[in-house]
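As structure tokens, the structure follows; a few thoughts come after it.
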Amino acid sequence: MKITGKHIVISGATSGIGLALTRQLYSDNKVIVIGRNTQKLKALAEQFKGISTFHVDLVNLDQLTTTTANILSEFAVIDLLINNAAVQNTPHFTAKDFDYSSIRDEITVNFTAPCCLIHQLLPALLASNSASIVNINSGLGLVPKTSSAIYCATKGALNIFSQSLNYQLENTNIDVQQVFLELVETPMSQGRGSHKISAEDAAQKIIEGITLGTTEHDIGKVKLLRLLLRIAPSLARKIMKKY
Ligand SMILES: NC(=O)c1ccc[n+]([C@@H]2O[C@H](COP(=O)([O-])OP(=O)(O)OC[C@H]3O[C@@H](n4cnc5c(N)ncnc54)[C@H](OP(=O)(O)O)[C@@H]3O)[C@@H](O)[C@H]2O)c1
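So for the sequence shown, the numbering used here puts the first residue at 225; every next one is plus one.
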């Protein structure tokens, strides 16, 4: 897909990779951003002239339904939906302050909301000549680490869901793609790991993958992880466990 003149919906564009994607895509496309923080959305609209912003906290699925209805009333056609917003919490199941609500919200934002967003925007995606749904995934969706068990599980679920959805949509104009990212320098990865790529690099590589139409686009060290999973799976698990 050549990414010019497209209507593009991006979730979580107020920070990190979503922000970099918006910066790289807005001048040649109509970028439609959804986010939970009205101040940040306002600042984004001032920074990137011509984008449209819609407010929604993805924890609130009723609010999401209202927001997607508002998007559809303005945009009858959507060519690209990038499910990027996510959170990574670190509840440890043996910890005294273990918080069930953090699990519920993490599952909702990372998995349930992208599913709802896809379903609710489907009429506009089906109205495109050629549409793509791009789900932003992680190496942790292939092999988990010890902390952030729920985050890893939501990315694993997103992986299987994306494959199955691709089957469901195979006779339509819509293809489903996934990007598996290595560690990227963003607020989400603060205090986690080292040797990270920049959000701008990650966004550029994501855009390259979408342009090529790659169904599963592995970025950086995820390529090595896939290889290791084939030839030495227990080593791959051992490395990722401590990640
Ligand atoms: N960073 C990494 O190392 C890495 C590695 C692999 C995969 N990924 C994936 O890359 C994607 C982007 O992550 P990032 O690193 O750019 O993270 P980030 O900088 O923390 O950005 C996350 C975005 O999601 C939004 N968001 C979070 N909860 C939301 C909610 N309830 N409702 C609406 N929006 C919400 C945030 O909004 P606010 O600005 O309001 O907080 C922000 O715009 C995620 O899918 C992540 O899993 C990241």
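Ideal Cβ placement from N, Cα and C applies to all residues, glycine included.
Taking 9 Å as the cut-off, decide whether the C-beta atoms of N308 and G229 are in contact. It is not a contact, given that the beta carbons lie outside the stated cut-off.
Looking at N397: is its Cβ nearer than 9 Å to the Cβ of S354? Cβ atoms of N397 and S354: closer than 9 Å.
Using only alpha-carbon positions, find the residue among D303, V311 and A269 that is nearest to D171. Given that the chain is displayed from residue 225 to residue 467, the structure contains no residue 171 and the question cannot be resolved.
For P368 and R461, the rounded distance between their alpha carbons: Spanning the two alpha carbons is a distance of roughly 7 Å.
Let me check understanding here. Comparing Cα to Cα, which of V408, L304 and T277 lies closest to T291? Of the listed residues, the one whose Cα sits closest to T291 is T277.
Distance CB(Q401)-CB(I434) smaller than 9 Å: Judged by their CB atoms, Q401 and I434 are nearer to each other than the 9 Å cut-off.
Using the C-alpha atoms, what's the distance from L407 back to S418? Going by the C-alpha atoms only, they are around 8 Å apart.
For V446, which residues of its own chain have a beta-carbon under 6 Å away from its beta-carbon, when the five flanking residues on both sides are left out? Correct list, in chain order: G363, F404 and E406.
With DSSP as the reference, identify every bridge partner of E440, one or two as the case may be. Q402, per the DSSP bridge assignment.
Given the structure, does N261 come close to ligand 1, in the sense that its CB is under 8 Å from one of the ligand's heavy atoms? Flag set: Cβ of N261 near ligand 1.
Return the Cβ separation of L305 and L341 in integer angstroms, given the expectation that the two are a contact with Cβ distance under 8 Å. Yes, they are in contact, since the Cβ atoms of L305 and L341 sit about 7 Å apart, within 8 Å.
Please state whether the Cβ-Cβ distance between I241 and A426 is less than 9 Å. Yes, they are a contact pair.
Going by the beta-carbon positions, is the gap between N313 and Y375 smaller than 9 Å? Between N313 and Y375, the C-beta spacing is below 9 Å.
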